[in-house]
Amino acid sequence: MPVESSPYLVLVVLLAGAVAFALVPLGLAWLWRRTFSPSKPGPDKNAIYECGLESKGDAWVQFKSEYYLYAIIFLIFDVETIFLLPFAVAFNGLPPAAFVAMMVFLLLLAEGLIWAWWKGALTWR
Amino acid sequence: MNPGMDEGLRSELSKQGIFTTTLEDLYNWGRKNSVWPLGFGLACCAIEMIAASMARWDLARFGAEVFRPSPRQADLMIVAGTVTKKMAPQVVRLYNQMPEPKYVIAMGACAISGGPFKEGYNVLKGIDRYLPVDVHIPGCPPRPEALLHGFMMLQRLIDEQALTGPRRPRHLVADAPSEFPVPQYGPHDLEPPSNPEVWQPPSSDKKPDVG
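This is the structure:
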């Protein structure tokens, strides 16, 4: 049968070659492991922690959900910094309306911080 | 090295440009040139070990520059420095966590015997009380050249190990223990003070040479 009759035959051969190229070394390694590298498990070798110390407790620990408050309050300063730097760079060329808009924006953020402070979000419980 | 082939035939073939080898030799050749040490240092010997891994002494020439931060990926434990009794359980546990085949180099007088701190109440008098040490490197601290020499000794040891028979490494012995007992940090000393399977105190029938 000439190859021209099915032009995709070459691709199939290449695909088979590629799969064999990946799988044969893995299979050889598996055979080698079975013969010359028998597994020797033990309680220390199977332990989860790796720095020589014994692991204490469980890996499934809970984090306090109060952390999200600090993340949000951090966002106030984060956003403020991002806007304050270009504001300071372009300060001399700004029209008064832009200055007022920026002050309102800062006031909004400061108001949020004061409100959070007043609600006691900055006190560690 | 090759029991199945006549040595004369082998050299005759190599003169004709035909190189013959065995699976075992190939395996050991790959193994001895890719020994990955565990990256941990205990005392001043660690500085020399770090120097040996850097460009001036260049442990990378021997394929051993990849100091692994995890025992899961390491083949070689270089005990570089004084092992205190508080540290010894961790060292043994790290060794237990390394995959087979694994090797231990005791680098420096402290790791061999406690060294200048042997009289200290908190110093382990040699890591070979708990671990099967393959190469001892004397010195206080040993220079990087000494570590390189010790490493070449270890390479020779790996090269001479067989896949079968009496010269096979420990992990191929079916009844060899998979782990070494980790000592506990007791109120007075480590318990047990040594692992009798790897270390026996020197016999006392010999007259002690008291200087």
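Which chain is which? The protein sequence lines are A and B, in order. Its first residue numbered 1122, the first sequence is counted upward by one per residue in this note's numbering. Its first residue numbered 14, the second sequence is counted upward by one per residue in this note's numbering. For glycine and all other residues, C-beta sits at the position ideal for the given N, C-alpha and C.
- For B/Gln197, no Cβ of chain A is located within less than 7 Å of the residue's own Cβ.
- With contacts defined by Cβ atoms closer than 7 Å, A/Ala1237 and A/Ile1203 do not form a contacting pair.
- Only Phe1157, Ser1158, Pro1159, Lys1161, Pro1162, Gly1163, Pro1164, Asp1165 and Lys1166 from the segment 1155–1166 of chain A bring a Cβ to less than 8 Å from some Cβ of chain B.
- Contact of B/His184 with chain A by beta-carbon distance below 8 Å involves Ser1158, Pro1159 and Lys1161.
- In terms of Cβ geometry, B/Ala56 and B/Thr95 form a close pair [threshold 7 Å].
- Flagged as an interface residue toward chain B: A/Gly1173, by a C-beta distance shorter than 7 Å.
- The Cβ atoms of A/Gly1173 and B/Gln168 lie no closer than 7 Å to each other.
- A straight line joining the alpha-carbon of B/Leu170 with that of B/Gly163 spans about 10 Å.
- Annotation: B/Arg142 to B/Asp172 spans about 26 Å, alpha carbon to alpha carbon.
- Interface annotation for the segment 94–107 of chain B against chain A: Met100, Pro102, Gln103, Val104, Val105, Arg106 and Leu107, criterion Cβ-Cβ distance under 9 Å.
- Under the Cβ distance rule, B/Ser191 counts among the residues neighbouring chain A, one pair being separated by less than 7 Å.
- In its chain, beyond the 5 residues on either side, Tyr108 and Val117 have a beta carbon closer than 6 Å to the beta carbon of B/Leu144.
- With a threshold of 16 other beta carbon atoms within 10 Å, A/Lys1177 falls short and is exposed.
- Non-local beta-carbon contacts of B/Pro155 in its own chain, meaning distances under 8 Å to residues more than five positions away in sequence, involve Cys58, Glu61, Met120, Gly121 and Gly163 in chain order.
- Within chain A, no residue has its CB atom less than 8 Å from the CB of B/Glu210, the nearest being about 15 Å off.
- Chain A places no beta carbon closer than 7 Å to that of B/Leu26, leaving this residue out of the contacts.
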